[in-house]
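Notes follow the structure.
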Amino acid sequence: MNENLYRLIIDFQDNVQVALRLMHRSGIQMPSSRNEWIESDIPTL
779 MNENLYRLII DFQDNVQVAL RLMHRSGIQM PSSRNEWIES DIPTL
């Protein structure tokens, strides 16, 4: 795999994990399935 693509994927996954932690700390309940994510009412800015 191209090293730049690998790094991009790892960085993306790290940032998703940070976002999920912030959502959890903010009191947003984590959906347990992909359908619940789609249907969830997560506030936007």
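Numbered by the working numbering, the letters in the sequence shown go through residues 779 to 823 in order. We put the CB at the ideal spot given by N, CA and C, even for glycine.
Delimiting residues of the alpha helix (DSSP H) encompassing residue i
i      : result
Met801 : Glu781 to Arg803
Ile816 : Arg812 to Glu817
Cα-Cα separation between residue i and residue j, rounded to whole angstroms
i      : j      : result
Ser804 : Glu781 : 35 Å
Ile788 : Met808 : 22 Å
Arg812 : Gln795 : 16 Å
Asp792 : Trp815 : 19 Å
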